[in-house]
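Order-wise, the sequence lines are chains Z and S.
Heads up: the first sequence at position 210 corresponds to 209 in numbering that gives the first Met the number 0, and the numbers run straight through without jumps.
Heads up: the second sequence at position 90 corresponds to 89 in numbering that gives the first Met the number 0, and the numbers run straight through without jumps.
Glycine included, each C-beta is placed from N, C-alpha and C at the ideal position.
Written below as structure tokens is the structure these notes are about.
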Amino acid sequence: MIQRNDNMMITKEITREKLREFNLNTQSAPILDVSEINLYREANHILDNISFSVESGTLVGIVGPNGAGKSTLLNVIAGLLEPTSGHITINREKGRKHDPLAYVPQREQLNWHFPLTASEVVMLGRTSQIKWPRRPNQRDKEIVQQCLERVGMWNERSRLLSKLSGGQKQRVLVARALAQEANVILLDEAFEGIDVGAQEYLVGVLRELRDSGIVVLMATHDLTNLADRFDKVLCLNKHVCAFGPPSEAFTPSVLQELYGSHGMEFTQNELGY
Amino acid sequence: MGDALAHSVMPGIVIALILGINIWFSALPAAIGVALLIGLIVRRTGIREDTTIGIIFAGMFAFGLVLIKSIGGIPIKIEDILLGQILGVSLNDVYVTISLGVAVIITLFLFYKELVFTSFDPVGATIVGIRRGRIDTILLALLSIVIVISIQLAGIVLVMGMLVTPAATAYLLVQKFKSMMILGSILGATSAIVGLYLSFHFNMPTGPTMALIATAFFAVTASTRKRLV
């Protein structure tokens, strides 16, 4: 905890600087604008007319049952899947797929046994910025250090990824996303397989990023303490059932639409408000 | 994949011997062609990759054997193709091998990050703008080159011993990926040199002796470690 406070001191400096940069760049316009996204797979309507926009510095949870299209929506936003119709604007630049966006995939999509240290993983985030002769320079190294400090993993920088706990692994991946200097970070089921304490720590890290102006979108089927964790929730079941602050979005009818008759079993207490 | 590529160059080598051309002109395209074919079959049929590799591996190897038997009168010893014949390597082959070896190392150096990123996290790699198809092709080409180099040394059957075993030993000994690459190369080279001298002094077949030394390094490392990773 003491180490973390030290890191936070440094983080605040970076945060203020970033915030100024963002205020200049964004002038509070939506950073991410998803407009009328439809996706068909053969005859199946996977995503049905999805529209929402997120302003800078918002922590959004995408919730819904299995098969609701949460991961698919993230893939479309990330540019990995082409929607049948509709468009996505990031930083008000249409069709700019790569740069301002970073993605933390689901656990099973990564090869965790690949022998990389925490700092090597974060340096991968610099890949597209590193130019000829393709070796990281001092600035890249500084950015990697700052990013590891922001997620409280600088002291673990030399440890192999395979030796870290589930929560620490997720924080390293968040640091890698930061190293891409992304304005939008997508996380797919980042709470999967990590204990509640580690989840809370991760949420703390994501809040700090949110405070520095970054948009964080996390798909999760874990409904515990949602209201505490996210500024807004996007309730998804192929279409947008509700989008807004958790206290407004989770109405009995929305829960019923998401989870059928079981929806009513989620009490307000469980959802955290 | 390496094993399939190694066995698949068999018809390529036979064709080169029949036509009297350098094996590079037929073995390398054969290896790359087979790798692309495996990808195509997996995508088209949905059959698992390991099954597809098994099919292609056996099919190409059988084709090579049939080719040797049906076209008589060519001075081929099947044993040389299967087990390698390093002493039959000409000075010209040595120059070609050195140049290709250097080319492989330079390519690895230039595309290190992309190759590592794609192996560790293919989805994340696509998002940062790495073209996966291109990186897969580069990896495949490198693997094919290294296999065809090693086949002259250790033969089709034992090439995997020289390709995989030193790397696996290094994996047990060191933790970092870069150290693993360097140590794996040193172990491979040491196995080759030690194997060459031992085979010369004790009149043993060269390729198998080299592969045996590499295996011995692995056996000693694996048994002396308390815990295998």
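Item to check | Extent of the continuous alpha helix (DSSP H) to which Lys168 of chain Z belongs | outcome: For Lys168 of chain Z, the enclosing alpha helix (DSSP H) starts and ends at 165-178.
Item to check | Gln151 of chain S versus Gly83 of chain S - alpha carbon distance | outcome: Gln151 of chain S and Gly83 of chain S have their C-alpha atoms spaced approximately 5 Å apart.
Checklist entry - When the Cα of Gly212 of chain Z is compared with those of Z:Val183, Z:Gly259, Z:Asp47, Z:Val253, which residue comes out closest? => result For the residues Z:Val183, Z:Gly259, Z:Asp47, Z:Val253, the minimum Cα distance to Gly212 of chain Z belongs to Z:Val183.
Next on the checklist: Is Arg95 of chain Z close to chain S? Criterion is C-beta to C-beta, closer than 8 Å.
Outcome noted: Confidence in Arg95 of chain Z is poor, its pLDDT being 43 and thus under 50, which makes the residue's placement unreliable; the coordinate value appears in the next sentence. By this cut-off, Arg95 of chain Z is not an interface position.
Checklist entry - Are Val59 of chain Z and Leu186 of chain Z touching if we call contact CB-CB under 8 Å? => result Result no, Cβ atoms of Val59 of chain Z and Leu186 of chain Z do not sit closer than 8 Å.
Checklist entry - Applying a beta-carbon distance threshold of less than 7 Å, which residues of chain Z neighbour Thr125 of chain S? => result By Cβ distance, chain Z contributes Leu79.
Item to check | Buried versus exposed, by CB contacts within 10 Å (16 or more), Tyr94 of chain S | outcome: Burial state of Tyr94 of chain S is exposed, judged by a 10 Å Cβ sphere holding fewer than 16 other Cβ atoms.
Next on the checklist: Assess contact between the stretch 150-165 of chain S and the stretch 209-224 of chain S, defined as three or more Cβ pairs (one per stretch) separated by less than 8 Å. Is contact present?
Outcome noted: Note that the stretch 150-165 of chain S touches the stretch 209-224 of chain S; at least 3 beta-carbon pairs, one per stretch, sit closer than 8 Å.
Next on the checklist: For Tyr102 of chain Z, list the residues DSSP reports as bridge partners.
Outcome noted: Z:Leu185.
Checklist entry - Since Pro223 of chain Z meets chain S, which of its residues come closer than 9 Å, beta carbon to beta carbon? => result The sequence shown places Thr at residue 223 of chain Z, rather than the Pro named in the question. The premise fails here: Thr223 of chain Z is roughly 26 Å from chain S at the closest Cβ pair, so nothing lies under 9 Å.
Next on the checklist: Residues in the same chain with beta-carbon distance under 7 Å from Val121 of chain Z, minus the five sequence neighbours each way, listed in chain order, please.
Outcome noted: Contacts found: Val143, Cys146, Leu147, Val171, Ala174, Arg175, Ala178.
Checklist entry - Alpha carbon to alpha carbon, what distance is there between Leu107 of chain S and Leu292 of chain Z? => result Because chain Z spans 0 through 272 in this model, residue 292 of chain Z falls outside it and cannot be assessed.
Next on the checklist: Give me the DSSP bridge partner(s) of Asn236 of chain Z.
Outcome noted: The partner list for Asn236 of chain Z (beta bridge, DSSP) reads Z:His238.
Checklist entry - Fully enclosed by the stretch 104-188 of chain S, which alpha helix (DSSP H) runs are 4 residues long or longer? => result Restricting attention to alpha helix (DSSP H) runs no shorter than 4 residues, the stretch 104-188 of chain S encloses them at 111-119, 121-126, 131-172, ordered along the chain.
Checklist entry - Is Ser118 of chain S close to chain Z, meaning its C-beta is less than 8 Å from at least one C-beta of that chain? => result So, interface residue.
Next on the checklist: Whole angstroms are fine: how far does the CA of Thr51 of chain S sit from the CA of Leu208 of chain Z?
Outcome noted: A straight-line Cα-Cα distance of about 46 Å links Leu208 of chain Z and Thr51 of chain S.
Checklist entry - By the criterion of Cβ-Cβ separation under 8 Å, what are the contact partners of Lys68 of chain S in chain Z? => result Using a Cβ-Cβ cut-off of 8 Å, Lys68 of chain S is close to nothing in chain Z; its nearest Cβ partner there is about 43 Å away.
Checklist entry - How would you label His112 of chain Z, buried or exposed, when you count the other beta carbons within 10 angstroms and need 16 or more for buried? => result Result: exposed.
Item to check | Rounded straight-line distance, which links the Cα of Ala191 of chain S to that of Leu217 of chain S | outcome: Note on identity: in this sequence residue 217 of chain S is Phe, with Leu being the wrong assignment. If you draw a straight line from the Cα of Phe217 of chain S to the Cα of Ala191 of chain S, it comes to about 14 Å.
Item to check | Buried or exposed (CB count within 10 angstroms, at least 16 for buried), His86 of chain Z | outcome: Taking all protein chains in view, the Cβ of His86 of chain Z is surrounded by fewer than 16 other Cβ atoms within 10 Å, so the residue is classified as exposed.
Checklist entry - Which residues does DSSP pair with Glu54 of chain Z in a beta bridge? => result Z:Pro29.
Checklist entry - Between Ile80 of chain S and the rest of its own chain, which residues show a CB-CB distance below 7 Å, the 5 nearest in sequence each way excluded? => result Here the set comprises Met9, Ile12, Gly154, Ile155.
Checklist entry - From Val232 of chain Z to Ala197 of chain Z, what does the alpha carbon distance come to, in whole angstroms? => result Cα to Cα, Val232 of chain Z sits roughly 21 Å from Ala197 of chain Z.
Checklist entry - Between the stretch 59-69 of chain Z and the stretch 213-220 of chain Z, do at least 3 Cβ pairs fall closer than 8 Å? => result Flag = yes, the stretch 59-69 of chain Z and the stretch 213-220 of chain Z touch.
Checklist entry - Listing by chain order, which chain S residues have their CB less than 7 Å from the CB of Leu159 of chain Z? => result Those within 7 Å of Leu159 of chain Z in chain S are Gln174.
Checklist entry - Three or more beta-carbon pairs under 8 Å between the stretch 180-197 of chain S and the stretch 119-139 of chain S, yes or no? => result No, because fewer than three Cβ pairs between the stretch 180-197 of chain S and the stretch 119-139 of chain S fall closer than 8 Å, the two stretches do not touch.
Item to check | Member of S:Lys76, S:Ser118, S:Ala102 whose CA lies at the smallest distance from the CA of Leu16 of chain S | outcome: It is S:Lys76.
Next on the checklist: For Ser7 of chain S, report the span of its alpha helix (DSSP H) as first-last.
Outcome noted: Residues 1-18.
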